[in-house]
Each structure stands twice: as C-alpha cells, then as structure tokens.
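Undergrad: Heads up: the protein sequence lines correspond to chains A and B, in order.
Numbering-wise, this note's numbering comes out as the position in the first sequence, counting from 1, plus 13.
Numbering-wise, this note's numbering comes out as the position in the second sequence, counting from 1, plus 13.
Protein chains: 2
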Amino acid sequence: MAWQPGIVHPLPMSSDLPPEIGPADAAPTLSAVAKRAGVSSITVSRVVRLPDLVAPETRARVERAMRELGYVPNLVAGALASARTNSVGVLVPTIANSIFADTVQGLSDTLEPRGFSVILAQSRYDAAREDRMLAALLSRRPEAIIMVGSPATEEGGRLLRNARIPIVETWELPPAPIDAVAGFDNYKAGVAVAKHLVAQGRKRLAFIGGDDPRATRRWSGFRDEILASGLAEPRRLILERNATGSVVAHARLPDVDAVFAANDAHAIGFMAGLRSAGLLRDGPASAQPVAVIGLGDLEMGRLISPTLSTISVHGDAIGRTAATLTLERGGERRVDLGFELVLRDSG
Amino acid sequence: MAWQPGIVHPLPMSSDLPPEIGPADAAPTLSAVAKRAGVSSITVSRVVRLPDLVAPETRARVERAMRELGYVPNLVAGALASARTNSVGVLVPTIANSIFADTVQGLSDTLEPRGFSVILAQSRYDAAREDRMLAALLSRRPEAIIMVGSPATEEGGRLLRNARIPIVETWELPPAPIDAVAGFDNYKAGVAVAKHLVAQGRKRLAFIGGDDPRATRRWSGFRDEILASGLAEPRRLILERNATGSVVAHARLPDVDAVFAANDAHAIGFMAGLRSAGLLRDGPASAQPVAVIGLGDLEMGRLISPTLSTISVHGDAIGRTAATLTLERGGERRVDLGFELVLRDSG
DNA sequence: TGACCTTATGTTAGCGCTAACATAGCGTCA
DNA sequence: TGACGCTATGTTAGCGCTAACATAAGGTCA
C-alpha cells in the first residue's frame with residue numbers, strides 16, 4: 014500500500030526543540046527513533062507505513078519516540094529504497110489566469126488524499142522549455158506524467174516513451190497518444206461553434222486566440238465547417254496570451270459579425286473592445302451586432318453583461334480523470350470528456 | 014553549484030529503445046553509462062553536474078554513452094547522497110479561479126530556471142488538511158517552504174520551525190513570522206477602501222467574502238476605519254468561495270450603498286446581482302447607487318462594464334519575492350510589496 | 001631537481017530507508 | 001507431540017547517487 018500521509022501525519026510533537034540525541038542540527042532518522050524505542054529500525058518503518066503489522070504496545074512505544082524526537086519520515090530515502098516516489102509530474106503551459114488551473118486543482122484533489130505529491134512545471138508554450146521541464150520532471154522519477162497536450166518535439170515524446178510510466182495527455186484527443194488521454198475534441202468544438210453561428214445567420218466570421226496546437230485544432234474545425242456551409246473563409250487573428258490584447262482586436266476585424274475566441278478571457282476582452290465601439294447590447298444574442306463565443310466557461314462569463322456564450326469543457330473533470338488514469342492501469346485509456354456549447358447572451 | 018537541468022538536459026537520444034545492457038526494463042544508471050564509456054561512475058556524475066572538471070574528450074565519450082543509453086539522471090538518489098533535493102514546497106489554499114495562481118506562476122518562473130522543482134499542495138482552507146500537507150511536503154525534504162498565510166495550527170508552526178529550512182509566509186505580514194515574509198498589509202487595505210468610500214459620501218457599508226485570516230484582517234481594517242469616521246458598524250456577509258454565491262448577496266444587504274468584496278470574483282458576482290436589481294450603471298463611480306470595490310485586480314476587472322475598482326496586490330511579485338527569499342539567505346527577511354487602490358467605474 | 005602546484009580521474013563509504021528473507025514464540029489440531 | 005500456520009520482530013543487503021579523500025601525470029619554479 015502507498016504511504017498515506019493522512020493516516021500517519023502529523024504527529025503532535027512534545028516540544029519545539031526535540032531533546033538532542035545525535036548532532037545538534039541533523040534531523041532524526043528512523044534508527045534514532047528505533048534506538049530510543051528499543052526496537053529495530055524496520056519496526057519503526059512498519060509503524061509509519063504498515064502499522065497493522067506491529068503489536069499495539071510496540072507501536073505505542075515507537076510513536077512516543079517519534080513524537081519526542083519530532084521525527085519526520087524521509088521520503089527521499091524511502092523512494093530510493095522502494096523505487097516508488099509517490100509523486101506525479103504535471104506539466105501545463107501556464108497556471109496563472111488560466112483554464113488549466115481547474116485541471117491542476119482536480120488533479121491534486123484526487124492525488125493528494127492518496128499520498129501522491131504533485132510536482133508542477135510550466136512550459137510557457139515554449140517547446141525547448143517543455144523538453145527541459147520534462148527531463149527535469151523525469152529525473153525526479155515520478156510515478157506518472159500528466160501534461161496538457163502532447164509533447165511539442167520528437168525528443169519530448171522519446172523522453173516520455175522511454176520513461177515507461179503512465180503518461181496522460183489532456184485537453185486533446187491525439188490520434189496516436191503515448192499512453193492515456195483525458196480530453197475533448199477541439200476540432201469538433203470549432204465545428205460546433207461554426208454550425209451555431211452559421212445557423213444564426215452570421216456571415217462574416219473570425220477566430221481570435223493563440224496558435225498553440227489546441228487553438229489551432231479549434232480553428233481548423235471552425236474554418237472547415239464554415240467553408241463547408243458555403244461561406245467565405247473566416248479570418249484568423251493570432252493574439253498575445255493576455256486578454257488585454259484582444260480588446261483592440263476589433264479594430265483589425267472591422268466588419269465581422271461573429272467571433273469565436275479560443276478562450277473566455279479573449280472573448281471577454283474582445284467584448285470590451287466591442288463595447289467601446291458601441292457594438293455590444295445587454296439584450297439576447299439575436300440583438301448583438303457581433304456574436305461572441307468563448308471557450309472554457311469561466312465563472313465570470315455567467316456574471317458579466319451580456320452573459321458569455323461559450324464552449325464548456327469540464328477542466329476539473331479532465332484533471333480528476335487524468336489522475337485516475339495514472340493510478341489505475343488497465344481499462345479504457347482514452348477518455349473523451351466532451352464539451353457543451355452553452356448559449357447565453359453574447360452570441 | 015546546483016544541478017542545472019537547463020544546461021544538461023535533455024540529451025537527444027539515438028533511438029526509441031536504447032540497446033539493452035542490463036535487465037530489459039531497468040532504467041540505465043550512472044554506472045551503466047560509466048561502464049559503456051570506460052570511466053568510473055564519479056566521472057559520469059561530474060559530466061552531469063560539473064562538466065568543467067572533465068576533459069573534453071572524456072566528456073564527449075561519456076555524453077555519447079548517455080545518449081546511446083537514454084540515460085536520465087536519478088535525482089532521488091542524488092538528493093539522498095547530497096542532502097539537497099533542489100525542490101521547494103508550495104502550499105496554497107487553492108489554485109483554481111484564484112489570485113494565488115499568479116503567485117505560483119511567479120514562484121515557479123523564478124525557481125525553475127535555477128533547477129528547483131515546485132511541489133504543490135492545496136489546503137483548501139482546511140487546517141487539518143494544511144497540517145497533513147505540510148507534513149507530506151516536509152517528508153520530501155524540500156529546500157524551503159513557501160505558503161500563503163501562516164500555519165493555521167500550533168502544530169503546523171512547530172513542524173515548520175523544526176524543519177530548519179527557509180519558510181516564507183506570503184499574502185500577509187504576520188507580526189511574528191516563522192522566518193521570511195513577502196506580502197502586504199491586509200488591514201491597511203481594508204482601511205484604504207473604507208477611507209475612500211467614506212470620502213465618497215457612502216453611509217451604509219458592507220463587507221462580503223470569506224472568513225479566512227486574510228479576509229478577516231481586511232474586514233478589521235475596513236470596520237475600524239468606518240467606526241473611526243463616525244459611521245454605523247458595517248455589515249459583514251460571509252460567503253462561499255465561489256463568486257456565484259455573491260450574486261444573491263445583495264438580497265441580504267438590502268439598503269447598502271457601498272460594498273468591499275474580499276476578492277474580485279466576489280465583487281464581480283455582487284455586481285451581477287446589482288445589475289439584475291437595476292442598481293448598476295455604466296457610468297462612473299459617482300453614478301453608482303452601490304459602490305463596489307474588489308481586491309486582486311484580475312485582468313477581467315478592467316474588461317467588464319462598469320470597470321471594477323479594486324485593491325491591486327501584485328500576486329506575481331509576491332511569488333517572485335518569495336522565491337528569492339528562499340534562495341538567498343541573509344538580507345531583509347520581511348518584504349512588504351504593498352497594494353494600490355485602483356479606482357475605476359464601480360466605486 | 002625536487003617540492004609544490006594543477007588537472008583529470010578514481011576509490012571508498014555512506015546518505016536513510018525498504019525488500020526480501022530469516023527467526024522466534026505461540027496456539028492449533030489431528 | 002510435532003508439523004504447521006500465524007504473528008511479531010529482526011538481519012542483511014542494497015537502492016543510485018555524491019562527498020571526501022586519494023592518486024597519477026604533467027607543469028612550474030627557484
């Protein structure tokens with residue numbers, strides 16, 4: 014059984030500075046506890062990990078010694094000896110102001126109670142940095158890697174495949190995944206938005222957002238569907254990653270009547286631009302001179318006016334599912350969590 | 014010198030499945046590389062960590078062997094041997110939809126380039142869980158702990174003090190910190206908001222938000238200043254942590270004319286409630302029947318209408334400063350990053 | 001020329017734990 | 001009664017690295 018911090022820790026300590034046994038500054042070790050309790054160190058190890066194997070009186074004696082010394086198990090040593098680190102590497106493009114925060118939250122809510130730690134790394138949408146972060150993560154020998162998207166380089170893929178641990182790619186459904194997948198079909202999301210806007214009678218459509226692989230898949234679905242319905246090729250505006258850039262995007266798309274933003278932040282920024290251009294109404298979608306659809310379903314979107322229509326994508330469920338996929342081998346390794354087009358007042 | 018993943022990794026590998034030397038599934042070790050390169054393992058270790066100490070030709074031979082075997086250093090073993098994990102434990106209440114995400118971002122942007130990994134844990138505003146997470150973090154022997162706020166229990170404080178590593182408390186300025194601090198004065202933030210609203214002529218004020226220590230400090234400053242200026246005791250409404258709860262908050266504060274929300278999400282939620290009650294104007298603060306001030310300065314606040322007045326708190330600077338405080342001993346251990354009252358249209 | 005650097009590499013021991021395999025004591029049961 | 005199983009505890013070896021201390025070869029300098 015995995016080490017369960019919840020069961021064993023924290024032990025209340027008897028004093029701020031434990032009575033010294035060995036050198037003043039060294040943290041007490043298993044064998045210091047063992048000596049004090051008059052048992053062998055393996056017995057202490059069992060009290061920490063497998064308390065049921067130890068007789069109640071022995072256990073009490075050991076626990077008392079741990080308390081008195083302020084013993085904190087050294088999982089670094091434990092991991093080396095057992096070849097289990099009870100940690101999971103998590104790689105996201107970014108965590109701030111971002112839809113991925115929900116996924117990290119879902120992840121750690123699932124992993125932490127089971128005694129797994131999350132080692133977090135950010136690629137900042139930079140392929141070289143992603144490779145470095147993957148290598149750094151792997152050298153800590155995590156039990157699994159969960160990442161947003163797929164590795165950007167061949168090298169990253171090799172690194173992951175050679176690690177021979179569960180790898181979960183998320184927020185996408187790659188055709189040839191390394192191992193497991195928890196995501197949704199970004200292409201279909203683009204199609205769904207296009208279908209909706211075309212059905213609404215919109216004619217001059219545009220896509221705004223980043224040019225990362227997921228945004229590009231959304232764009233592809235969006236464009237293909239629009240072309241298939243006989244309309245002119247939509248425009249695509251590639252923006253910086255902060256929403257503020259999208260405020261001025263409208264000036265560069267003078268006559269559009271519908272915009273699909275790669276995420277809610279961009280959508281809200283774009284709406285701010287529309288507002289100052291006098292092109293935003295508090296009324297329903299049909300009253301909007303320019304329809305706006307986002308992606309992510311931020312809570313904010315429901316609170317602003319007009320309320321934001323968006324593709325809702327269950328970021329926390331992606332995280333929880335990814336965590337489950339790392340813990341349970343076997344079973345379905347490709348989970349499509351889908352998405353929903355949530356129609357509100359913006360488009 | 015600390016191990017620098019950026020310098021050494023990743024090594025391009027020559028094939029997907031390295032030619033086997035030992036047992037099929039075991040990851041190659043230092044000594045496997047050493048054998049293949051015809052050197053001792055310490056030389057390989059030096060190529061990884063201190064390449065300048067190795068002659069160029071030897072280094073090339075070792076690097077070739079590493080590439081051929083797909084060697085990934087085992088930092089778990091390295092950490093045990095060197096007593097340096099090159100990791101930092103980070104404890105936040107929550108990461109999703111949250112102002113703390115900026116701090117985590119700032120943190121890891123500073124730590125990752127220096128070869129430190131971030132071990133992330135969430136307390137979910139739960140004292141028992143916080144203690145468990147602290148114990149779990151400490152058992153991984155991080156080089157330092159960075160946390161939002163101060164430990165909620167005596168036990169947590171003991172754990173941290175006994176760890177004898179740098180501890181950085183953030184988002185607050187505790188009077189008796191464990192070690193270092195990077196934050197701002199939440200009490201003064203409350204005072205600043207109260208002063209502003211009173212000067213604006215508001216009479217019936219309220220505070221909405223959580224009841225965590227930082228929100229409570231803001232409330233204290235807010236209330237004290239309002240009482241000091243001779244107005245009636247403000248009301249305090251304790252809300253769930255999601256913004257949606259604050260939408261209906263207005264019904265419970267029927268005749269307020271100014272509200273300070275403990276964070277921007279609550280502020281925006283409250284404004285949504287005002288909007289449906291017909292109490293929100295697109296005009297300037299003076300036109301608002303009910304003034305609303307948030308805290309956090311989310312990008313969103315600038316994009317919505319009316320734009321949100323708020324206390325801006327430099328979450329990323331807090332993170333960067335905290336990271337610096339863990340890396341550099343000595344110097345000032347208490348950094349007040351301050352805050353700014355940013356006045357826009359909401360109040 | 002030999003004492004003394006400097007550079008490049010190696011040897012040894014051990015970090016703090018756990019896996020795997022003893023061992024010892026006891027009760028059970030035919 | 002002794003073979004057997006069960007429970008509680010111990011012994012041994014080693015996980016994969018690095019610190020600390022050799023060692024060897026060549027260069028420098030009075």
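Cβ atoms here follow ideal geometry from the backbone N, Cα and C, with glycine treated the same way.
Being a predicted model, the structure only gives us computed values, none of them experimental.
Assess, as a yes-or-no matter, whether the segment 172–190 of chain B is touched by the segment 202–221 of chain B under the definition of 3 or more beta carbon pairs within less than 8 Å.
TA: no
Undergrad: Do we get a CB-CB distance below 8 Å when we pair Q118 of chain B with the residues of chain A?
TA: Residue mapping note: residue 118 of chain B aligns to position 105 of the second sequence, counting from 1. Yes - at least one Cβ of chain A is within 8 Å of the one on Q118 of chain B.
Undergrad: Just verifying my parser: in three-state terms, what is the DSSP assignment at R145 of chain A?
TA: Along the first sequence, one-based indexing puts residue 145 of chain A at 132. Here R145 of chain A sits in helix by DSSP.
Undergrad: Out of B:R248, B:K208, B:F273, B:R217, state which residue places its alpha-carbon closest to the alpha-carbon of A241 of chain B.
TA: Mapped onto the second sequence, residue 241 of chain B falls at position 228. Closest option to A241 of chain B, Cα to Cα, is B:K208.
Undergrad: For a contact meaning CB atoms closer than 8 Å, what does R97 of chain A contact in chain B?
TA: Here residue 97 of chain A corresponds to residue number 84 of the first sequence, with the count starting at 1. Neighbours of R97 of chain A on chain B: none; closest Cβ ~10 Å, over 8 Å.
Undergrad: If I follow the unbroken alpha helix (DSSP H) through E168 of chain A, where does it start and stop?
TA: Position 155 of the first sequence, counted from the first residue, corresponds to residue 168 of chain A. Where E168 of chain A is concerned, the enclosing alpha helix (DSSP H) stretches over 167–176.
Undergrad: Scan the segment 283–335 of chain A and note each continuous alpha helix (DSSP H) run of 4 residues or more that stays entirely inside, going in chain order.
TA: 312–316
Undergrad: How big is the Cα-Cα spacing for L104 of chain B and D237 of chain A?
TA: Here the question's residue 104 of chain B lines up with position 91 in the second sequence. Here the question's residue 237 of chain A lines up with position 224 in the first sequence. Taking the straight line from one Cα to the other gives about 45 Å.
Undergrad: In the DSSP assignment, what residue or residues form a beta bridge with A94 of chain A?
TA: Locating residue 94 of chain A in the first sequence gives position 81, where the first residue counts as 1. Answer is none; A94 of chain A lacks a bridge partner.
Undergrad: Roughly how many angstroms lie between the CA atoms of L287 of chain A and T229 of chain B, to the nearest whole one?
TA: The residue labelled residue 287 of chain A in the question sits at position 274 within the first sequence. The residue labelled residue 229 of chain B in the question sits at position 216 within the second sequence. When rounded, the distance between both Cα atoms is 38 Å.
Undergrad: Can you confirm whether M79 of chain B, when its beta carbon is compared against all beta carbons of chain A, has any partner nearer than 8 Å?
TA: Here the question's residue 79 of chain B lines up with position 66 in the second sequence. False, the Cβ-Cβ gap to chain A never drops below 8 Å.
Undergrad: How many Å lie between G51 of chain B and E70 of chain B at the Cα?
TA: Here residue 51 of chain B refers to the residue found at position 38 of the second sequence. Here residue 70 of chain B refers to the residue found at position 57 of the second sequence. Roughly 12 Å separates the two Cα atoms.
Undergrad: How long is the line joining the alpha carbons of L82 of chain A and L173 of chain B, rounded to whole angstroms?
TA: Indexing the first sequence from 1 puts residue 82 of chain A at position 69. Indexing the second sequence from 1 puts residue 173 of chain B at position 160. Straight across, the Cα-Cα distance linking L82 of chain A with L173 of chain B is about 15 Å.
Undergrad: Taking DSSP as the reference, what is the three-state secondary structure of H231 of chain B?
TA: On the second sequence, residue 231 of chain B is found 218 positions in, with the first residue counted as 1. Correcting the residue identity first, residue 231 of chain B is Arg in this sequence and not His. Reduced to three states, the DSSP call for R231 of chain B is helix.
Undergrad: Kindly list the residues whose CB is nearer than 7 Å to the CB of V211 of chain B, restricted to its own chain and excluding five residues on each side of it in sequence; keep chain order.
TA: For the purposes of this step, residue 211 of chain B is identified with residue 198 of the second sequence, where counting begins at 1. Excluding residues within five positions, the ones whose Cβ falls inside 7 Å are I239, S242, L244.
Undergrad: Within this structure, are the beta carbons of P164 of chain A and G102 of chain A separated by less than 8 Å?
TA: On the first sequence, residue 164 of chain A is found 151 positions in, with the first residue counted as 1. On the first sequence, residue 102 of chain A is found 89 positions in, with the first residue counted as 1. Going by C-beta atoms, P164 of chain A is not nearer than 8 Å to G102 of chain A.
Undergrad: Helix, strand or coil for F113 of chain A? Go by DSSP, reduced to three states.
TA: Position 100 of the first sequence holds residue 113 of chain A. In this structure, F113 of chain A counts as helix in the three-state DSSP scheme.
Undergrad: Identify which residue in A:L356, A:A336, A:R342, A:R346 has its Cα closest to the Cα of V131 of chain A.
TA: In the first sequence, the residue the question calls residue 131 of chain A occupies position 118. Ranking A:L356, A:A336, A:R342, A:R346 by Cα distance to V131 of chain A puts A:A336 first.
Undergrad: For P188 of chain A, count neighbouring Cβ atoms within 10 angstroms of its own Cβ and tell me buried if that reaches 16, exposed if not.
TA: Here residue 188 of chain A refers to the residue found at position 175 of the first sequence. P188 of chain A should be labelled exposed.
Undergrad: At a CB distance below 9 Å, what residues from the segment 81–92 of chain A approach chain B? Give them in sequence order.
TA: G83, V85, P86, N87, L88, V89, A90, G91, A92
Undergrad: Along the chain, where does the beta strand (DSSP E) that runs through R347 of chain A open and close?
TA: Along the first sequence, one-based indexing puts residue 347 of chain A at 334. Segment 347–349, the beta strand (DSSP E) holding R347 of chain A.
Undergrad: At the level of alpha carbons, what is the spacing between V161 of chain A and G307 of chain A?
TA: Taking the first residue of the first sequence as position 1, residue 161 of chain A is located at position 148. Taking the first residue of the first sequence as position 1, residue 307 of chain A is located at position 294. Rounded to whole angstroms, V161 of chain A to G307 of chain A spans 19 Å at the Cα level.
Undergrad: Which whole-angstrom value describes the C-beta separation of L311 of chain B and T334 of chain B, a residue pair presumed to lie in contact below a C-beta threshold of 8 Å?
TA: As a position in the second sequence, residue 311 of chain B is number 298, starting the count at 1. As a position in the second sequence, residue 334 of chain B is number 321, starting the count at 1. So it is not a contact: roughly 20 Å between Cβ atoms.
Undergrad: Quick one: which residues of the segment 253–268 of chain A get their C-beta closer than 8 Å to a C-beta of chain B? List them in chain order.
TA: Residues of the segment 253–268 of chain A with a C-beta atom less than 8 Å from some C-beta of chain B are N255, A256, T257, V260, listed in chain order.
Undergrad: Can you pull out the residues from the segment 275–288 of chain B whose beta carbon lies closer than 8 Å to at least one beta carbon of chain A?
TA: A278, I281, G282, M284, A285, R288
Undergrad: Between Q135 of chain A and chain B, is the shortest Cβ-Cβ distance under 8 Å, so that the two count as touching?
TA: On the first sequence, residue 135 of chain A is found 122 positions in, with the first residue counted as 1. At a cut-off of 8 Å between C-beta atoms, Q135 of chain A counts as an interface residue with respect to chain B.
Undergrad: With three or more C-beta pairs closer than 8 Å as the rule, is the segment 112–119 of chain A touching the segment 87–98 of chain A?
TA: These segments do not touch.
Undergrad: Applying the 10 Å Cβ sphere with the 16-neighbour rule, what's the burial state of V21 of chain B?
TA: Counting from one through the second sequence, the residue named residue 21 of chain B turns up at place 8. With a pLDDT of 34 at V21 of chain B, under the threshold of 50, the predicted position of this residue should be treated as unreliable, though the coordinate-derived value follows. Buried, since its Cβ has 16 or more Cβ neighbours within 10 Å.
Undergrad: Taking only the alpha-carbon atoms, compute the straight-line gap between H327 of chain A and R357 of chain A and give it to the nearest angstrom.
TA: Position 314 of the first sequence holds residue 327 of chain A. Position 344 of the first sequence holds residue 357 of chain A. Going by the C-alpha atoms only, they are around 18 Å apart.
Undergrad: Report the three-state DSSP secondary structure of L124 of chain B (helix, strand or coil).
TA: If you number the second sequence from 1, residue 124 of chain B lands on position 111. Helix at L124 of chain B.
Undergrad: Does the segment 281–300 of chain A come close enough to the segment 248–264 of chain A that 3 or more CB-CB pairs lie under 8 Å?
TA: The segment 248–264 of chain A is in contact with the segment 281–300 of chain A.
Undergrad: State the beta-bridge partners of E182 of chain A as determined by DSSP.
TA: Your numbering for residue 182 of chain A matches position 169 in the first sequence. BP columns for E182 of chain A point to A:M160, A:V194.
Undergrad: Got a sec? Which residues, its chain only, sit under 7 Å from T166 of chain A by beta carbon, not counting five neighbours each side?
TA: Working through the first sequence from its first residue, we reach residue 166 of chain A at position 153. Result list for T166 of chain A: A140, D144, in chain order.
Undergrad: With DSSP collapsed to three states, give me the class of S100 of chain A.
TA: The count along the first sequence starts at 1 and reaches residue 100 of chain A at position 87. Residue state, collapsed to three classes: strand.
Undergrad: Straight-line CA distance for P41 of chain B to N87 of chain A?
TA: Within the second sequence, the letter at position 28 stands for residue 41 of chain B. Within the first sequence, the letter at position 74 stands for residue 87 of chain A. One C-alpha to the other measures close to 25 Å.
Undergrad: Are the C-beta of T339 of chain A and some C-beta of chain B separated by less than 8 Å?
TA: Start at 1 with the first residue of the first sequence, and residue 339 of chain A comes out as number 326. Not an interface residue.
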